[in-house]
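What follows is one structure encoded as structure tokens, with my remarks underneath.
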Amino acid sequence: MNINQVRFSGAKMELSWSVLEIHGADATQFLHGQTTINIKKINSNEARLGAVVSLNGKLEGYFAVIKRHEYFLLVLPSELEINVLNRFQKYIVMEDVEIKKTELNPKIILGPSSKKYLNLQNFIPLQIFGETGALTFDNVLPDLPTMTNDILTELCVLSGFPRLGQEIELDMLFSETILSKIAYEPDKGCFLGQETVSKIENFRGPAYYPVLMIINEELDIANPQVFNCEQRKGGTVRSSFKRQGQTYLYCYLFRDFRIDQSSLLIEIEGRIISAVVHYYPYLKNDDLSKVLELMSLASTEYTQNNNTDKAKEYLLQAIEIKSDHADAYEALGVLLGHEGNFIGAIELMDQLEKIDPKSVMAHTNKSLYLMKLGKITEAEDEKNKATIKSFSYYGDEAKTKQRIAEEKTKLEEENKRRESMFQQVLEIDAEDEMALFGMAEILYNREQYNEAIEKLSYVLKVNPKYSVAYLLLGKCFEKNKNRVEAMEIYQKGIKIAAAKGDMMPANEMQSRLSQINI
Amino acid sequence: MDNIVEITPKAQEQIKKIFETEKAGLNQGLRLGVIGGGCSGLSYKIEISDPKDKDNVLTFDTVKVLIDPKSAIYLKGIVLDFQDGLNGKGFVFNNPNAKNTCGCGESFSI
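See below:
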């Protein structure tokens, strides 16, 4: 078994987790006040990940909450059962709430196959281990491959979903774990520990936070393991796996180094190693992302490895996952056409036309294949349909261009309004950095890059920590084709933005740096 | 890794000139694609474009070529050339897989 089998097809797994049952007239209100999620918004037979934290914002437990008609189920790692039970019992005063253990054994189907079971009563949708899943308490599971621990490790390291005792421990600051993203709803109102969680979020964010780091060699790393970076503690590796010449690390990384797609030199186990940082989720588990991955794999198999059969297999999986993805039908049809299977290719073009009635290629390709089969009249007919549809396509393109031109006109009107406002501010205070930056943005929008550079250089003289000014300055250098200057300013700006906690400009600068640094 | 497509030195020079005159951004590349229509069925498409996720990115000297996964299946093996001079056609796609090519050299069938 490999990870792609789970992600693109499916696997089953018995969770070694316990199940608590919570009922009573006040169960909803009680859980809502205790947990990090909006219990009131959970529908019947729906599951959501939630957590409980201490007054100091430390993790005391996490679980999947399932709402039944008259009660709730909490599905959680068995090691947390006593903790969570005791935690809840401590806060039941006069509420009509009763919590009891059950003998239920939760199992899960992970991957696209899980969708087939969600129409059945006994399966509940749940996002877990970085995958779509269907949770059940039934004793009999479908005939699917069984998940292995190695594959589970890969899924968790690549998706960021934590396992107790591996990627996550109790008493960690909730805000420093990935649960603050996947098991927290900030707008749900008060809960125990919420004040600490909000303070951390609103200040500079957590000091350490999970990221994926990828190293271009295979290493055995003992976990957990602290590593250094720039002669200070960089973070901790909690789990890892190696595959095809690379090592993947689930790390808690210090704020200053936490820039997406940046390269870091880390000191670990007595060695200095280069690692690339990636934000979670590294693997996306929505249908469209998986289909795009499969398209890319199919394309690589065909163009690089000359493996048409493997390419077709990937495309069929893509269609299984998302039956309305037009490109998959088109690509598969073209492959069949290359193999001389024109009848099969024509069937796929017919399906493509049903999914995308505007598709020109459905008719163009069908025309070519009909020609191969000697059906000239029908081929000409399809060619004419392609021509008519291409006019419609060009008509749409022209409308898009017109819309872009209209937006440009609106932008210039807005620029004029803002320009007037900034000029008034600068008349009062010639060193107002916001007004100067605003003027620079207007000049950039008008493609007056040299003038924008002048303004931005002055902004940075007035305030060398104005993060977004570095980003805009870099973009101006890019427009002027000054690659070296652009790279230098991005490198400087990334460090400053990261130290301030301005992650959006930091990440954008890193992204642009990666793109121009060929 | 074998390149999905090949670009002759002459075509590379011409592309560099176009990037200068069109003021292409530092991160932009030449996107190759296929569109329907044309006298023989399929036509090639060339445009300056930003890279997109999952693009195959091929580098020829300083020229970056972008091909999305679906287009790569159509374009596998083609050679992009440039024919200048009085009788020159400009950019020409030589497709070893093409069974028919129309006189203009822009449209092909497979």
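Line order of the protein sequences matches chains A and B. Read left to right, the first sequence gives residues 57 to 574 (my numbering). Read left to right, the second sequence gives residues 3 to 112 (my numbering). Even glycine gets a Cβ: it sits at the ideal position worked out from N, Cα and C.
At which residues does the alpha helix (DSSP H) containing C212/A begin and terminate?
-> The count along the first sequence starts at 1 and reaches residue 212/A at position 156. DSSP places C212/A in the uninterrupted alpha helix (DSSP H) bounded by 205-215.
Between the C-alpha atoms of E151/A and T91/A, what's the straight-line distance to the nearest angstrom?
-> Counted from its first residue, the first sequence places residue 151/A at position 95. Counted from its first residue, the first sequence places residue 91/A at position 35. Each residue's Cα considered, the two are about 16 Å apart.
Per DSSP, which residues does M490/A bridge with? Please list them.
-> Along the first sequence, read from residue 1 onward, the residue named residue 490/A stands at position 434. DSSP lists no partner for M490/A.
Taking any Cβ of chain A, which residues in the stretch 67-82 of chain B have a Cβ under 7 Å from it, in chain order?
-> Per Cβ criterion, the list reads P71, K72, A74, I75, Y76, K78.
Could you check how far apart the C-beta atoms of N29/B and Q317/A are, in whole angstroms? I think they sit under 8 Å.
-> Along the second sequence, one-based indexing puts residue 29/B at 27. Along the first sequence, one-based indexing puts residue 317/A at 261. Not really, about 14 Å apart at Cβ, beyond 8 Å.
Could you name the residues of the same chain whose beta carbon sits closer than 8 Å to that of E210/A, not counting the 5 residues immediately before and after it, in chain order?
-> Counted from its first residue, the first sequence places residue 210/A at position 154. Excluding positions up to five away in sequence, the list reads I59, F297, R299, Y304.
Burial state of F62/B, where buried means 16 or more other Cβ atoms lie within 10 Å | In the second sequence, counting from the first residue as 1, residue 62/B sits at position 60. Counting C-beta atoms within 10 angstroms of its own C-beta, F62/B has 16 or more neighbours from the protein chains shown and is therefore classed as buried.
Spell out a yes or no on whether the stretch 75-87 of chain A and the stretch 176-187 of chain A are touching, meaning 3 or more CB-CB pairs, one atom from each, closer than 8 Å.
-> These segments do not touch.
Considering only residues of the stretch 301-335 of chain A, which uninterrupted beta strand (DSSP E) runs meet the minimum length of 3 residues and lie entirely inside it, listed in chain order?
-> Along the length of the stretch 301-335 of chain A, whole beta strand (DSSP E) runs at least 3 residues long occupy 302-310, 319-324, 327-334, reported in chain order.
Closest Cα partner of A354/A within the set G494/A, L426/A, A387/A, L569/A | Taking the first sequence and counting its residues from 1, one reaches residue 354/A at position 298. Among G494/A, L426/A, A387/A, L569/A, the Cα nearest to that of A354/A belongs to A387/A.
For N96/B, go through chain A and note every residue whose CB falls closer than 9 Å to its CB, in chain order.
-> Taking the first residue of the second sequence as position 1, residue 96/B is located at position 94. Within chain A, no C-beta atom comes nearer than 9 Å to that of N96/B; the closest sits roughly 17 Å away.
Could you say if the stretch 183-194 of chain A and the stretch 151-163 of chain A meet the contact criterion of at least three C-beta pairs nearer than 8 Å?
-> The stretch 183-194 of chain A is in contact with the stretch 151-163 of chain A.
Do G249/A and G89/A have their C-beta atoms closer together than 8 Å?
-> Residue 249/A sits at position 193 when you count from the first residue of the first sequence. Residue 89/A sits at position 33 when you count from the first residue of the first sequence. In this structure, G89/A does not lie closer than 8 Å to G249/A by Cβ.
With distances taken from CA atoms, which of G549/A, G66/A, R568/A is nearest D312/A?
-> Mapped onto the first sequence, residue 312/A falls at position 256. The closest CA to that of D312/A, considering only G549/A, G66/A, R568/A, is found on G549/A.
Is the Cβ-Cβ distance between L499/A and E507/A less than 8 Å?
-> In the first sequence, the residue the question calls residue 499/A occupies position 443. In the first sequence, the residue the question calls residue 507/A occupies position 451. Cβ atoms of L499/A and E507/A: closer than 8 Å.
Looking only at its own chain, which residues have a Cβ that is under 6 Å from the Cβ of Y526/A, when we skip the five neighbours before and after it?
-> For this step, residue 526/A is matched to residue 470 along the first sequence. Here the set comprises I545, G549.
Through-space distance from R63/A to T188/A, alpha-carbon basis | Start at 1 with the first residue of the first sequence, and residue 188/A comes out as number 132. Start at 1 with the first residue of the first sequence, and residue 63/A comes out as number 7. T188/A and R63/A: Cα-Cα distance of roughly 9 Å.
Alpha-carbon spacing of L467/A relative to Y505/A, whole angstroms = Position 411 of the first sequence holds residue 467/A. Position 449 of the first sequence holds residue 505/A. Separation of L467/A and Y505/A (C-alpha to C-alpha, rounded to the nearest whole angstrom) is 17 Å.
Would M351/A count as contacting chain B if we go by Cβ distances under 8 Å?
-> Position 295 of the first sequence, counted from the start, is the residue given in the question as residue 351/A. Chain B, which has a Cβ nearer than 8 Å to the Cβ of M351/A, makes this yes.
Every unbroken alpha helix (DSSP H) inside the stretch 335-374 of chain A [4 residues or more] | For the alpha helix (DSSP H) assignment, the uninterrupted runs of no fewer than 4 residues enclosed by the stretch 335-374 of chain A are, from N- to C-terminal side, 343-359.
Establish whether the CB of K56/B and some CB of chain A are separated by less than 8 Å.
-> Start at 1 with the first residue of the second sequence, and residue 56/B comes out as number 54. Chain A contact via Cβ: present.
Look at the alpha carbon of I120/B and the alpha carbon of D70/B, and state the distance between them as a whole number of angstroms.
-> Given a span of 3 to 112 for chain B in the structure shown, any question on residue 120/B remains unanswerable.
CB contact check: G38/B to chain A, cutoff 8 Å = Indexing the second sequence from 1 puts residue 38/B at position 36. It does: the Cβ of G38/B has a partner Cβ on chain A nearer than 8 Å.
Taking three-plus beta-carbon pairs below 8 Å as touching, is the stretch 84-96 of chain B in contact with the stretch 9-20 of chain B?
-> Short answer: they touch.
Span separating the alpha-carbon of D206/A from that of Y306/A = Translated into positions along the first sequence, residue 206/A becomes position 150. Translated into positions along the first sequence, residue 306/A becomes position 250. Straight-line measurement puts the Cα of Y306/A at about 14 Å from the Cα of D206/A.
Counting Cβ pairs closer than 8 Å, one from the stretch 523-543 of chain A and one from the stretch 54-61 of chain B, do we hit at least three?
-> Touching, no, given that fewer than three Cβ pairs across the two stretches are closer than 8 Å.
Contact under 8 Å by Cβ, F86/A with V153/A | The residue given as residue 86/A occupies position 30 in the first sequence. The residue given as residue 153/A occupies position 97 in the first sequence. Taking 8 Å as the Cβ cut-off, F86/A and V153/A qualify as a contacting pair.
With distances taken Cα to Cα, identify the nearest neighbour of A120/A among L76/A, E126/A, G106/A.
-> As a position in the first sequence, residue 120/A is number 64, starting the count at 1. Closest by C-alpha distance to A120/A, out of L76/A, E126/A, G106/A, is G106/A.
Where Q571/A meets chain B, residues with beta-carbon distance less than 8 Å | As a first step, residue 571/A is located in the first sequence; it is residue number 515 there, counting from the start. By Cβ distance, chain B contributes L28, N29, P53.
For S45/B and I9/B, the rounded distance between their alpha carbons | As a position in the second sequence, residue 9/B is number 7, starting the count at 1. As a position in the second sequence, residue 45/B is number 43, starting the count at 1. A direct Cα-to-Cα measurement between I9/B and S45/B gives close to 18 Å.
In or out: D452/A buried (at least 16 other Cβ within 10 Å) or exposed?
-> Indexing the first sequence from 1 puts residue 452/A at position 396. It is exposed - the Cβ of D452/A has fewer than 16 other Cβ atoms within 10 Å.
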